[in-house]
Amino acid sequence: MVNIHHRPEAKTPAALRDLIDSLVSVNDADEIARSMNRFVGSFGFQQFVYARVQSYQQLDTIDDYISLSTLDPNWMQHYLDHDMYQHDALSAYCETATKPKLWSDFYAVADAGQLTADQQSVCYAARDWGVFNGVTIPLPSHGRYHVGVSLVGDPAIDVAEQEQQFKAAETYIVSAMRVFHACVDMRLAATKFFGLTKRETEVLKWAAEGFQAKQIAAKIGTSQHTVSKQIASAIERLKASSQAEAVAKAVLLGVVD
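My numbering applies: residue 5 is where the sequence shown begins, and numbers increase by one.
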């Protein structure tokens, strides 16, 4: 007998409204992540990955892959250290597709030998790590980037059961992911969620173009010490571990082109 966990109920529209309210009203990035996790958790998903990737055919450096993730940091570090994003078939899927892709379908294609050797390697590495139960949702994008979100299910829940829950609430889940993407894409996140100042945003813009603190100071008419303080403040506000990560998040959030 299959036991259904977190079965979608008639309250699903209310859950979507609550999520929208939280996304547009709170001013704390951690609370946004908690709101997203509560929403996807109500359908049995444990984590989500929101990724913005440069055109699949042009990927060549880590700077081309930017994501916000609640996945196991060890897996994400392994994924990025080995440049797996360059050969992730789900990333390629998000570049051209518009409909959600169940991971069971993706693995079936891999098992049938219909992926490249590199794509299969990424696929099986994820499965070995325990990242095998989920769905990827392409999101509207423009320019040289494509965007998608992946929802990762509880490994303890049967894959068919997880997919049944997703299909029963697909409309609401996809709508929620589009709302989250819109909040980022419309640049609300940088100012509302993280509180970046106008000068911090300006400094990050120049840093993204490769200028050092001394050069940025000359461009905006201030001291190198002041620029360094503004960069440090931006790193703290964006909850980043380095200037490079802060710049990457600023790009993701639409603050920097």
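Where a beta carbon is used, it is the ideal one built from N, C-alpha and C, also for glycine.
Stretch-stretch touch, CB-based, cutoff 8 Å, three pairs: the stretch 153-160 with the stretch 123-130: no
Once the 5 residues before and after M181 are set aside, which same chain residues still bring their CB inside 7 Å of it? I141, L143 and V153
Within the same chain, show all residues whose beta-carbon is closer than 7 Å to that of F170, passing over the 5 residues directly before and after it, in chain order. F47, V139 and I177
Below 8 Å CB to CB, which residues in the same chain sit around V251 once its five sequence neighbours on both sides are set aside? L208, A211, A212 and V260
Give the list of continuous beta strand (DSSP E) stretches no shorter than 3 residues that lie fully inside the stretch 138-195. 138-143 and 149-157
For the ligand MG, is there a heavy atom less than 8 Å away from the beta-carbon of W79? Within the structure as shown, the ligand MG is missing, as the structure has no ligands at all.
Can you tell me which of H82, Q216, L27 and E204 puts its alpha carbon nearest to the alpha carbon of E240? E204
Buried or exposed: where does A55 fall if 16 or more other Cβ atoms within 10 Å of its Cβ makes it buried? buried
Opposing strand residues paired with F49 [DSSP bridges]: G157
Would you tell me roughly how many angstroms separate the C-alpha atoms of A101 and V151, rounded to the nearest one? 11 Å
Rounding to the nearest angstrom, what Cα-Cα distance links C98 and H229 in this structure? 42 Å
Under 9 Å between C-beta atoms, does C98 make it to chain B? Within the model displayed, chain B is absent; a lone protein chain is all it includes.
For S246, is the classification buried or exposed, using 16 other Cβ atoms within 10 angstroms of its Cβ as the cut-off for buried? exposed
Which residues bound the alpha helix (DSSP H) around P104? Here P104 belongs to no alpha helix (DSSP H), and DSSP marks it neither H nor E.
Under a Cβ-count criterion, where at least 16 other Cβ atoms within 10 Å of its own Cβ denotes burial, should S95 be classed as buried or exposed? buried
Measuring straight from C-alpha to C-alpha, what distance separates I224 and Q234? 12 Å
Could you pull out every residue in the same chain whose Cβ sits closer than 8 Å to the Cβ of E206, ignoring the five residues on either side in sequence? I224
I need the boundaries of the alpha helix (DSSP H) containing Q247, first residue and last residue. Q247 to L256
Which same chain residues, not among the five before or five after S145, have their C-beta less than 7 Å away from its C-beta? V151
If you count every other CB in all the chains shown that lies within 10 Å of the CB of L200, and 16 or more means buried, which is it? buried
I'd like the span of the alpha helix (DSSP H) that includes S237, first residue to last. Q228 to R241
Within this structure, are the beta carbons of Q123 and A164 separated by less than 9 Å? no
Have a look at M80, A248 and D25 and flag the residue whose alpha-carbon is nearest the alpha-carbon of G214. A248
So, with DSSP's three-state summary, where would you put V259? coil
Less than 8 Å between the CB atoms is what I'm expecting for S232 and A217, so what's the real figure, rounded? 5 Å
Quick check on the burial criterion: 16 or more other C-beta atoms within 10 angstroms. Buried or exposed for S227? exposed
For G134 and G45, the rounded distance between their alpha carbons: 18 Å
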